[in-house]
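First residue of the sequence shown? That's 444 in our numbering, and the numbers climb one at a time after it. Following: one structure in structure tokens, then a few remarks.
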Amino acid sequence: MHKKKVYLDKPSASLRKTVNPDAKEFYMLQIQSLCAGIADKQILNDISFTINPGETHVLMGPNGAGKSTLGNVLMGSPEYAVTGGKIFFDGKDITEEDTDKRAKMGMFLTFQDPLEVPGISLEAFIRSSLQQVTGKHIKMMAFRKELEAAMDLLAMNHNYADRDLNVGFSGGEKKKSEILQLLMLRPKFAILDETDSGLDVDAVRTVSKGVEEFQKQTGGALLIITHSTRILESLHVDKTHIIVSGRIVKEGDGSLVQEINEKGFDPFIPEEIKEAERKAKLALAAKNAMDAVRTNGAVTQAFADRMKKEGGAQ
Ligand code: ADP
Ligand code: MG
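See the structure below:
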């Protein structure tokens, strides 16, 4: 298994200074001490890692760890607020850029739960996205030919091109439609959020083949969020990041994926996170108990009042 890697030339020290004064190296994606969350809840804590052009990284972690949040924040989702740190892409600070600009720069995210869009066909959606991302007019016939070739690769019936985007698609078909977008949009860097979850063995193989083809054709980099090794079988993994409670707790090469599959996440969760989770659970239990006491107290009081009233009325 070999993969052609396309490294950007390292820019001169002076250029490095202008794009990111703190950077020691020039990376395609650089996440620097990133903290983010929603209104009153911090979800991501001090996340830092870097991805070079053409590399494949895997992000794993228990449910609720913050994997999808990281994908969304990297892509500039307005749902989340960045409260600290920075994100650089191609040497530019994109922390405050909107999603559109990031897509134009070559970033792409597949959704864990792809949206259904009635009234827009899959073909029209992809063609319009491609026009927006490239800023060029895309000729209909040539586009259709390429689209059908990509659909063949994903064992998708051509008539799906004319169907409304994801409407009535099965789980597997929605995931294939995301990979079809990946193949057609050819981003420099794609984040795949559990593109393999809920798929049967054959569908995972097909999706994996699509991802492999994307790498072969474009040399694009990947951040694959996954719970299984199956989608990774035909891909070379450069680095694995384990996220727990919004923090990166362990990093390693591709072999870490196998280790997680054998041992689970528990051995990689630091004591202080376990302790914090225990405390949070205890605090929740205590609060529930207090609520119960209060409710019971109120019920008892109401009962006593009623008894008094009824007693008094006799
Ligand atoms: P993962 O993808 O690792 O399973 P998520 O990133 O989806 O985890 O979620 C991380 C945590 O943040 C969870 O506790 C989740 O409930 C919470 N969270 C994520 N997005 C939102 C949101 N839009 N509103 C409220 N809570 C959210
Ligand atoms: Mg998720």
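A virtual CB, placed ideally from N, CA and C, is assigned to each residue, including glycine.
Just checking residue i against the ligand MG - is the residue's beta carbon closer than 7 Å to any of the ligand's heavy atoms?
i: residue 636; result: yes
i: residue 618; result: no
i: residue 658; result: no
i: residue 555; result: yes
State the start and end residues of the unbroken beta strand (DSSP E) segment that holds residue i.
i: residue 488; result: 484-494
i: residue 499; result: 499-503
i: residue 480; result: 472-481
i: residue 785; result: For residue 785 there is no data in the structure shown, the boundaries of the chain being 444 and 757.
i: residue 552; result: 550-553
Compute the beta-carbon to beta-carbon distance between residue i and residue j, rounded to the nearest angstrom, for a pair I have assumed lies under 8 Å.
i: residue 415; j: residue 472; result: In the structure as shown, the chain starts at 444 and stops at 757, and residue 415 therefore has no counterpart that could be examined.
i: residue 692; j: residue 710; result: Not quite, the Cβ-Cβ distance comes to about 10 Å (not below 8 Å), so this is no contact.
i: residue 594; j: residue 623; result: 6 Å
i: residue 663; j: residue 629; result: 7 Å
i: residue 518; j: residue 700; result: The pair is not a contact, with the Cβ atoms about 23 Å apart (cut-off 8 Å).
i: residue 501; j: residue 634; result: In fact, because the Cβ distance is near 11 Å, the residues do not count as touching under 8 Å.
i: residue 552; j: residue 528; result: Not confirmed; about 19 Å, so no contact.
i: residue 686; j: residue 509; result: 6 Å
i: residue 590; j: residue 569; result: 7 Å
i: residue 669; j: residue 639; result: 6 Å
i: residue 608; j: residue 565; result: 5 Å
i: residue 672; j: residue 704; result: 6 Å
Would you give the residue range spanned by the alpha helix (DSSP H) that residue i belongs to?
i: residue 532; result: That residue, residue 532, is in no alpha helix (DSSP H); its beta strand (DSSP E) goes 524-532.
i: residue 512; result: 510-517
i: residue 569; result: 565-577
i: residue 595; result: 583-596
i: residue 621; result: 614-628
### Message
So if I measure from each beta-carbon to every heavy atom of the ligand ADP and keep distances below 6 Å, which residues remain?
### Response
481, 486, 504, 506, 507, 508, 509, 510, 511, 512, 522
### Task
Tell me the start and end of each unbroken beta strand (DSSP E) in the stretch 639-669 that is at least 3 residues and wholly inside, in chain order.
664-668
#### Entry: Minimum length 3: unbroken beta strand (DSSP E) runs contained in the stretch 684-720
690-695
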